[in-house]
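**Q** Got a structure for you, questions after.
Protein chains in written order, with our numbering: chain A, 1 to 469; chain B, 470 to 563.
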């Protein structure tokens, strides 16, 4: 039976790998996802065959509760809220690993009493690691959700949080050493204390990080949620868990490094550098003075006239598009322009929105064909032939200072070169600075126009103005 | 200790497989990739099932923790796979 079970885990792991492989093309992705889901089913059946499973009623209760909540969330969630959902699921995954490690500790204690288990060093280290990663992922993720929702602002007492982090790490190390070396089976209070400590650690690690850096944090916590599973695999001696956990861990790490590169920052700088707007930001009056009298304001009617004769149009979506839920209006306007014979493309910056690929999902929801979504490196050479570039609620990712001003705090960050287009139309609610906290020189350039307002409203007005032309 | 080295070997090799495969996923699909891996990380349900299966060495507290772990992991699995499917079907249309 043991062999059958282990082959089951192996089959599941292979299905997960093939499933992710399916995700390398939009066409095969749906099948890939179904393959992963099948892998999960195989793994669950294998687990149910384990000789330690003698009754099923508690398992069924747990599955029913979780399944109902999960299905409800998946049906209800709006595409604009995907970053929050993914962050929350990371946390839930971490929480599950934490609970599994704790339950295993309690069982091992009972087994040791019965004389059937002798704790080893690697078992105790795995238990501590599992608790650490699981707990940090749990609380860290929910702080990230709060920051994504804007409910938790950028922290002022960065030093205090760093101090608590150092202190709890030291206490954790001491506790772990005692647990592993002295008494790995009768340390209920110690384990409970370590869990609380790790939960606090998760909060204090994420609190000082700026809201703008949450995409990186969410990707990193995605990785942790996988590593937490792998650590639980070490505790249980289960290879299926180890393989699968490390796949997820690798995925999160890759996404994290892509995001860091796209912001021209190192991971350490994101995690321990405090929020960017705090160190480099301008005050409100400096910001107003920068734009004073230099911005050319325009209207939806003018935008419609401009678009009437345009041949090449590029949309540049940013977080503002998500907030305004303007993806459908964008698609409608793009469709009208295409009917007039214009070529329409969408320029996607790797960190546009609040998570990797966020803009792509929103535009896919509005049925924009994915071959019109062009990545930064591919679209940049085309801006010089673009008649109108429409920036929808993006800011720092189109700031020419990143390419031209060595003194700018974002100098070196790769940007979309929209300023090379004949005309740039910036649709934005106001002139407040973006995540980096600095004014944007693009808005005062000769070839740029600003249409102030909510992206969806402006686009709808433009559509009706175009119809009247 | 031998068991540990074997597990560690599997872990390291699996990380390399993961890096190879995931590097090929295009940026367009990065959001579904994240929600999909969310679902996959629900694999920890395996550990939770074994912990709440009611054999003689479980305690009341360990069963309660196990059932809670099953519920959390199932949220991840069901919500993760369903929402990924929802997103990927939007990409499939055209």
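Ideal placement from N, C-alpha and C gives every residue a C-beta, glycine not left out.
By alpha-carbon positions, which one of A:37, A:33, A:43, A:35 ends up nearest to residue 9 of chain A?
**A** A:43
**Q** Using the rule of at least 16 other Cβ atoms within 10 Å of the residue's Cβ for burial, across every protein chain shown, is residue 253 of chain A buried or exposed?
**A** Burial check for residue 253 of chain A: the Cβ neighbour count within 10 Å reaches 16 or more, so the residue is buried.
**Q** Whole angstroms is fine: what's the gap from residue 111 of chain A's alpha carbon to residue 47 of chain A's?
**A** 20 Å
**Q** Can you check which of these residues, A:205, A:412, A:323, is closest to residue 164 of chain A by C-alpha distance?
**A** A:205
**Q** So, with DSSP's three-state summary, where would you put residue 25 of chain A?
**A** coil
**Q** Helix, strand or coil: which one does DSSP assign to residue 346 of chain A?
**A** Annotated three-state conformation of residue 346 of chain A is strand, per DSSP.
**Q** Just the C-alpha distance for residue 387 of chain A and residue 311 of chain A, rounded to the nearest angstrom, thanks.
**A** 6 Å
**Q** From what residue to what residue does the beta strand (DSSP E) around residue 384 of chain A run?
**A** Premise fails: residue 384 of chain A is in no beta strand (DSSP E) and is neither H nor E.
**Q** Alpha carbon to alpha carbon, what distance is there between residue 153 of chain A and residue 467 of chain A?
**A** Residue 467 of chain A and residue 153 of chain A: Cα-Cα distance of roughly 43 Å.
**Q** One question on the structure: do residue 264 of chain A and residue 355 of chain A come within less than 8 Å of each other, judged by their Cβ atoms?
**A** no
**Q** List the endpoints of the continuous beta strand (DSSP E) containing residue 435 of chain A.
**A** Residue 435 of chain A -> no beta strand (DSSP E), and no H or E assigned at all.
**Q** Please confirm if residue 213 of chain A has its CB atom under 8 Å from at least one CB of chain B.
**A** no
**Q** Looking at chain B, is there any beta carbon in it that lies within less than 8 Å of the beta carbon of residue 246 of chain A?
**A** yes
**Q** How about residue 416 of chain A and residue 380 of chain A: do their beta carbons lie closer than 8 Å?
**A** yes
**Q** Please classify residue 340 of chain A as buried or exposed, where buried requires at least 16 neighbouring CB atoms within 10 angstroms.
**A** exposed
**Q** Tell me residue 190 of chain A's beta-bridge partners as DSSP assigns them.
**A** Answer is none; residue 190 of chain A lacks a bridge partner.
**Q** Report yes if the CB atom of residue 582 of chain B is closer than 8 Å to the CB atom of residue 54 of chain A, and no otherwise.
**A** Chain B is shown from 470 up to 563; residue 582 of chain B falls before or after that span and cannot be answered.
**Q** Which of the three DSSP states is assigned to residue 120 of chain A in this structure?
**A** coil
**Q** Using a Cβ cut-off of 7 Å, pull out every chain B residue sitting near residue 338 of chain A, in sequence order please.
**A** Chain B residues near residue 338 of chain A: none, gap ~13 Å exceeds 7 Å.
**Q** Give me the Cβ distance between residue 220 of chain A and residue 256 of chain A, rounded to the nearest whole Å; I'm assuming they're in contact under 8 Å.
**A** The pair is a contact, with the Cβ atoms about 5 Å apart (cut-off 8 Å).
**Q** Please confirm if the stretch 507–516 of chain B is in contact with the stretch 237–250 of chain A, defined as three or more CB-CB distances below 8 Å between the two stretches.
**A** yes
**Q** What do you get for residue 186 of chain A, buried or exposed, if any count of 16 or more other CB atoms within 10 angstroms of its CB means buried?
**A** Residue 186 of chain A counts as exposed, since fewer than 16 other C-beta atoms from the protein chains shown sit within 10 angstroms of its C-beta.
**Q** Quick check on the DSSP output: what are the complete alpha helix (DSSP H) runs of length 4 or more inside the stretch 145–230 of chain A, in order along the chain?
**A** 158–181, 188–206
**Q** Can you round the beta-carbon distance between residue 534 of chain B and residue 103 of chain A to whole angstroms, since I take them to be within the 8 Å contact cut?
**A** 4 Å
**Q** Taking the alpha carbon of residue 215 of chain A as the point to measure from, which residue in A:287, A:141, A:244, A:247 has its own alpha carbon closest?
**A** Restricting attention to A:287, A:141, A:244, A:247, the CA atom closest to the CA of residue 215 of chain A is found in A:141.
**Q** Decide yes or no for the touch test of the stretch 112–122 of chain A against the stretch 399–406 of chain A: beta carbon pairs closer than 8 Å, at least 3 of them.
**A** The stretch 112–122 of chain A makes no contact with the stretch 399–406 of chain A; the number of CB pairs closer than 8 Å stays below 3.
**Q** For residue 85 of chain A, which of A:145, A:52, A:95, A:106 has the nearest alpha-carbon?
**A** A:145
**Q** With H, G and I counted as helix, E and B as strand and the rest as coil, what does DSSP make of residue 283 of chain A?
**A** coil
**Q** Taking just the CA atoms, how far does residue 453 of chain A sit from residue 443 of chain A?
**A** 15 Å
**Q** With burial defined as no fewer than 16 other Cβ atoms inside 10 Å of the residue's Cβ, what is the status of residue 552 of chain B: buried or exposed?
**A** It counts as buried.
**Q** Taking 8 Å as the threshold (beta carbon to beta carbon), is residue 40 of chain A in contact with chain B?
**A** Yes, because at least one Cβ of chain B sits closer than 8 Å to the Cβ of residue 40 of chain A.
**Q** Are three or more beta carbon pairs between the stretch 9–19 of chain A and the stretch 32–41 of chain A nearer than 8 Å?
**A** yes
**Q** How would you call residue 179 of chain A, buried or exposed, if buried means at least 16 neighbouring beta carbons within 10 angstroms?
**A** buried
**Q** For residue 427 of chain A versus residue 232 of chain A, is the C-beta distance shorter than 8 Å?
**A** no
**Q** If you run the structure through DSSP and keep just helix, strand and coil, what is residue 242 of chain A?
**A** helix
**Q** Mind pulling the chain C residues with CB within less than 8 Å of residue 147 of chain A?
**A** Protein chains in the displayed structure are A and B, and chain C is not among them.
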